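S.K.: Provided herewith is a single structure, encoded as C-alpha cells, for subsequent inquiry.
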Amino acid sequence: MILVTGATGTVGRALIDQLRAAGEHVRATSRHPADARLPAGIEVVRADLGDSTHMAAAMAGVDRVFLLSTGPAIPEHDAVVAQAAAAAGVARLVKLSSGRTGDDTATDPIPTWHRAGERSVRGAGVPWTIVRPLGFMSNALHWAGTIRAHGAVHAPYGQGRIAVIDPRDIAAVAAVALTADGHDGQVYTLSGPQALSPREQTAVLAEVLGRPLEFVEVAPEQARRALLEHGVPADLADAIMALRATALAAFTSVVHDTVERLTGEPSRTFRQWAVDHAAEFCSAAA
Ligand SMILES: NC(=O)c1ccc[n+]([C@@H]2O[C@H](COP(=O)([O-])OP(=O)(O)OC[C@H]3O[C@@H](n4cnc5c(N)ncnc54)[C@H](OP(=O)(O)O)[C@@H]3O)[C@@H](O)[C@H]2O)c1
C-alpha cells in the first residue's frame, strides 16, 4: 500500500492516476476527504500533515510513502511524516522537494524550508528518495483569468528563463522511485526539455490557443500585490516573489535529462502541456 500525501494537488492527482494505472493500492490523505474528488478505488483518509496522531493512523498497513508538503509548514510537516513513517516501519519514503534546494547560493524561503524537510527525511532511518523539480508548467494556469478576460499575461521577470516541467513528468519519476528498486538515497533534479521565459511561454500559448496574446511585464511589487489580493498570506507571497526573482539566475534554466533516464520517456514540452490544458484558458462560451 502506498500512502500519497498532497493527493488532491497538482502532482498528487497525477501520481494517483499513474499508480492506479500500474495497479498499485493507494491511500490518499486530505484535510477535506469529502471534497477530495479522487478516483473510485482510492481510499481517502482525513489527515493533517502537522498532526502526528493523524499521520500515525494514516500509515497503518503502508509500506511506501509519497511526501508532499507546502509552504512555511514544510519543515514541521516533513518531520512529522518522516517520524510517523519510521515508527510504522515504512520501507520507502519519497519526498517532493524543490529544484533550487540544490542551488547552494539560494537562501530564500522555499529552498530553505525544503532543505529542512530533506534533513528530516534523510535522518528518519527510512530508505528515502528526494525529487527536486524546477518550476511547474502548471504555474501558467495563474494566467488563465487574464488570458480569458483580456487576452493578456501579466507577469514579472519577462526575460527570466526556467526549464519548466510538466507535473505529470514529476509524478512519473515519483512513481518510479516508489515502485522500482535502486532509488534509495538518490536525489533527482528534474526539468522539462527547454528553458522558457514567461514571454516565450505566452507566445506558445498564443499559438496553441489560436489567438493573439499580449505579454505585459509587471513590476515585482505589483505581482506581489496581486498575490495578496488573491488571498495568499504575506509570508508566502514574499517567498513566491523571491522564488520568481531567481528565474533571472542561470541555475533554473539548466535542462536535466532525469525524466527520460528514469522513465524511458522524454519529458513533455510546454507546447504539449498547453495543448492538454487549452480548455482551461478558454471561456465557457468560446
Ligand atoms: N509550483 C512550482 O513551480 C514548484 C516547483 C518546485 C517545487 N514545488 C513544490 O511542490 C509542492 C506543491 O505541489 P503541488 O503544486 O502539487 O501542490 P498543490 O497543488 O498546492 O496541493 C497542495 C496539497 O497539499 C495538501 N495539503 C496542504 N496543507 C496540508 C496539511 N496541513 N495537511 C495535509 N495536506 C495538506 C492539500 O490537500 P488538502 O487541501 O486536500 O488537504 C493538497 O493536496 C511544494 O512543496 C512546492 O514547494 C513547486
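Counted the way the working numbering counts, the sequence shown spans residues 5 to 290. Each residue gets a CB set at the ideal place from its N, CA and C atoms; glycine is no exception. Computed from a prediction, not measured in an experiment: that's the story for all the values here.
Is the beta carbon of aspartate 52 within less than 7 Å of some heavy atom of ligand 1?
M.R.: Answer for aspartate 52: yes, Cβ within range of ligand 1.
S.K.: Give me the Cα-Cα distance between valine 94 and proline 270, rounded to the nearest whole angstrom.
M.R.: Taking the straight line from one Cα to the other gives about 31 Å.
S.K.: Would you mind sorting glutamate 122 into buried or exposed? The rule is 16 or more other CB atoms within 10 Å of its CB.
M.R.: Glutamate 122 comes out buried.
S.K.: Helix, strand or coil for alanine 290, going by three-state DSSP, please let me know.
M.R.: Low confidence applies to alanine 290: its pLDDT is 44, below 50, so where it sits in the model is not reliable, and the reading given next is rough at best. Of the three classes helix, strand and coil, the one that applies to alanine 290 here is coil, per DSSP.
S.K.: Quick one: complete alpha helix (DSSP H) runs, 4+ long, within the segment 50 to 89?
M.R.: Runs of the alpha helix (DSSP H) inside the segment 50 to 89: 56 to 62.
S.K.: Between which residues of its own chain and phenylalanine 285 is the CB-CB distance below 6 Å, once the five residues before and five after are set aside?
M.R.: Cβ within range, chain order: Ala148, Ile151, Leu213.
S.K.: Are at least three pairs of beta-carbons, each pair with one atom in the segment 69 to 87 and one in the segment 41 to 48, less than 8 Å apart?
M.R.: Flag = no, the segment 69 to 87 and the segment 41 to 48 do not touch.
S.K.: Quick check on histidine 118: does DSSP put it in helix, strand or coil?
M.R.: Helix.
S.K.: Buried or exposed for threonine 57, going by 16 or more other Cβ atoms inside 10 Å?
M.R.: So threonine 57 ends up on the exposed side.
S.K.: Can you name the residues that DSSP bridges to tryptophan 132?
M.R.: Its beta-bridge partners are Leu97.
S.K.: Less than 8 Å separating the beta-carbons of leucine 138 and valine 168?
M.R.: It is a contact, given that the beta carbons lie within the stated cut-off.
S.K.: Is glutamine 22 helix, strand or coil by DSSP?
M.R.: If DSSP states are grouped into helix, strand and coil, glutamine 22 belongs with the helices.
S.K.: Any heavy atom of ligand 1 inside 7 Å of the beta-carbon of leucine 97?
M.R.: No, since every heavy atom of ligand 1 falls outside the 7 Å radius drawn around the Cβ of leucine 97.
S.K.: Can we say the segment 124 to 136 touches the segment 202 to 216, given the rule of at least three CB pairs closer than 8 Å?
M.R.: With the cut-off at 8 Å, the segment 124 to 136 and the segment 202 to 216 do not touch.
S.K.: Between which two residues does the alpha helix (DSSP H) holding alanine 207 run?
M.R.: Taken as a continuous stretch (DSSP letters only), the alpha helix (DSSP H) holding alanine 207 covers 202 to 213.
S.K.: Within a Cβ cutoff of 7 Å, which residues of the same chain sit near alanine 91, ignoring the five residues on either side of it in sequence?
M.R.: The answer, listed in chain order, is Ala60.
S.K.: Going by beta carbon distance, what residues of the same chain come within less than 7 Å of phenylalanine 140, once the five residues before and after it are set aside?
M.R.: The answer, listed in chain order, is Thr14, Val168, Ile169, Pro171.
S.K.: Given that a residue counts as buried once 16 or more other Cβ atoms are within 10 Å of its Cβ, and exposed if not, what is leucine 194?
M.R.: Counting Cβ neighbours within 10 Å, leucine 194 comes out buried, since at least 16 surround it.
S.K.: Please state the DSSP three-state secondary structure of alanine 227.
M.R.: Correct three-state label for alanine 227: helix.
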